[in-house]
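Novice: Using my numbering, the letters of the sequence shown map in sequence onto residues 3 to 304.
Ideal Cβ placement from N, Cα and C applies to all residues, glycine included.
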Amino acid sequence: MEIKFRKLELEDKEIVDRLFKIQQSRSCECTFANTYLWSRQYKVEFAVIEGMLVFHYITGTKRFTFPFGNGENLKKVLDLLMEWCRRQGEEFHLAMVTPQNFARLEALYPGRFTIEYIRDAADYVYETEKLIRLSGKKYHGKKNHINKFQKMYPDWSYESITSENVEECFQMALAWRNENGCDADPGKNAEMCVTLNALRLFEELEFRGGLLRTGGKVVAFSIGEPVCDDTMVVHIEKAYAQVQGAYPMMNQQFLLHEAQGYPYVNREDDAGQEGLRKAKLSYHPAFMVEKGMVSLAKEEAE
């Protein structure tokens, strides 16, 4: 069977959303919007094979995602991908594989594959209600930051992002980029390109968002979307560093207004950044979404 991978376009949203939804994964990558936006920064293609969705990442180590969709054809799809790699002269790797997915792989191919879990790629998942209420001793510091924000900025207000105010968020993002030296850092620059494109395509990608104002000006905003039936994912959160308490306030208010009905919130990974890891752990995740790289076992590869 000929597999034709191609670039992801906006008109692919319906089929990608449908196949992701069948999987009901809490992994932050499993939305059309997130994959589409990042595919503009890194080389990635996709194909629908035997009714299953597969992405092929070309940047760095070439790898596929674990196939998404109805699992009836899973073995057939994996066999086709391995054959495709043999023809292309590529090593076979699967990326972002959860323990549940690896268990399925092991059941189909006992002992044939190994997995290396990547701590830097693990998503932090929290109980939404706990991050809204911030009750108890362990959230005391967060509560203090919010109280300080409310005291320092008594005129603060929250708004859902709409077509009426999204341009203000865009302008704030441009200012944030300049303040944080993003142009000199390829990683930060890619993230800001994703942020700006998310705001440009806010309605088309069906995002949910919120912003904070003080003195009438936007000082923070957050963008997310449901990743599955019980989990909201927060993809983007930006606040001015000089506005004390803006980040915890934005975090709380976005969940309060935009994540009702979703018991869990995925705040993505820490990318191995020590400061970010410390900040994410300080919110006390309920659990992590572990993800690893799958390769053929040594004897199989040889």
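1. Please state whether DSSP places Ile-5 in a helix, a strand or coil.
2. Look up His-95 in the DSSP assignment and give the residues it is bridged to.
3. Once DSSP output is grouped into helix, strand and coil, what is the label at Leu-286?
4. Distance, Cα to Cα, Phe-115 vs Tyr-264?
5. Please return the same chain residues whose Cβ sits closer than 8 Å to the Cβ of Asp-185, not counting the five positions on each side in sequence.
6. Please identify the residue among Tyr-126, Arg-88, Thr-37 whose C-alpha is closest to the C-alpha of Glu-14.
7. I'd like to confirm the pairing. Which residues does DSSP put opposite Phe-48 in its beta bridges?
8. Since I believe Val-291 is in contact with Val-46 (beta carbons under 8 Å), could you give me their beta-carbon distance rounded to a whole number of angstroms?
9. Report the start-end ranges of each alpha helix (DSSP H) in the segment 63-128 that is 4 residues or longer and not cut off at the edges.
10. Is the separation between the beta-carbon of His-147 and that of Ala-200 shorter than 8 Å?
11. Is Glu-304 helix, strand or coil by DSSP?
12. Go to Leu-213, then tell me how far its beta strand (DSSP E) extends in each direction, as first and last residue.
13. Roughly how many angstroms lie between the CA atoms of Glu-304 and Met-84, to the nearest whole one?
14. With H, G and I counted as helix, E and B as strand and the rest as coil, what does DSSP make of Tyr-249?
15. Can the beta-carbon of Asp-125 be found closer than 8 Å to that of Cys-30?
16. Contact between the segment 251-263 and the segment 74-92: three or more CB pairs below 8 Å?
17. Using 8 Å for Cβ pairs, my map puts Arg-65 next to Trp-158. What's the rounded Cβ distance?
18. Could you check if Gly-294 is buried or exposed, using at least 16 other CB atoms within 10 Å of its CB as the buried criterion?
19. Would you mind working out which of Trp-40, Cys-230, Val-267, Lys-6 sits nearest Thr-61, comparing C-alpha positions?
20. Name the two residues that bound the continuous alpha helix (DSSP H) containing Phe-171.
21. Are there 16 or more other CB atoms within 10 angstroms of the CB of Trp-59, so buried, or fewer, so exposed?
22. Evaluate contact between the segment 226-237 and the segment 201-211, counting only Cβ atoms and requiring at least three cross-stretch pairs below 8 Å.
23. Would DSSP call Phe-223 helix, strand or coil?
24. If you draw a straight line from the alpha carbon of Gln-26 to that of Glu-161, how long is it in whole angstroms?
25. By the DSSP assignment, the alpha helix (DSSP H) with Glu-193 in it spans what residues?
26. Rounded to the nearest angstrom, what separates Leu-151 and Val-56 at their Cα positions?
27. Return yes when the Cβ of Phe-223 is within less than 8 Å of the Cβ of Cys-171, no when it is not.
28. So what's Ala-241 in DSSP terms, helix, strand or just coil?
29. Hey, how far is the Cα of Trp-86 from the Cα of Ala-109?
30. Whole angstroms is fine: what's the gap from Gly-274's alpha carbon to Ile-120's?
Specialist: The relevant details are as follows:
1. coil
2. Ser-297
3. Correcting the residue type first, residue 286 is His in the shown sequence and not Leu. Three-state DSSP puts His-286 in coil, outside helix and strand.
4. 35 Å
5. Arg-179, Asn-191
6. The sequence as given places Asp at residue 14; Glu does not occur at that position. Answer by Cα proximity: Thr-37.
7. Arg-8, Phe-57
8. So it is not a contact: roughly 20 Å between Cβ atoms.
9. 76-90, 101-110
10. no
11. Per-residue confidence for Glu-304 stands at a pLDDT of 49, beneath the threshold of 50, marking its modelled position as unreliable; the derived number appears in the next sentence. If DSSP states are grouped into helix, strand and coil, Glu-304 belongs with coil.
12. 210-216
13. Below a pLDDT of 50, predicted positions are generally treated as unreliable, and Glu-304, at 49, falls in that range; the measurement from the model is reported next regardless. One C-alpha to the other measures close to 14 Å.
14. helix
15. yes
16. no
17. With 8 Å as the limit, Arg-65 and Trp-158 do not qualify as a contact, their Cβ atoms being about 44 Å apart.
18. buried
19. Trp-40
20. As written in the sequence, residue 171 is Cys, which differs from the Phe given in the question. Run containing Cys-171: 168-181, per the alpha helix (DSSP H) assignment.
21. What sits at residue 59 in the sequence shown is Tyr, not Trp. With 16 or more Cβ atoms within 10 Å of its Cβ, Tyr-59 is classed as buried.
22. yes
23. strand
24. 29 Å
25. 188-202
26. Note that residue 151 is Phe in the sequence shown, not Leu. Rounded to the nearest angstrom, the two C-alpha atoms are 45 Å apart.
27. yes
28. strand
29. 22 Å
30. 10 Å
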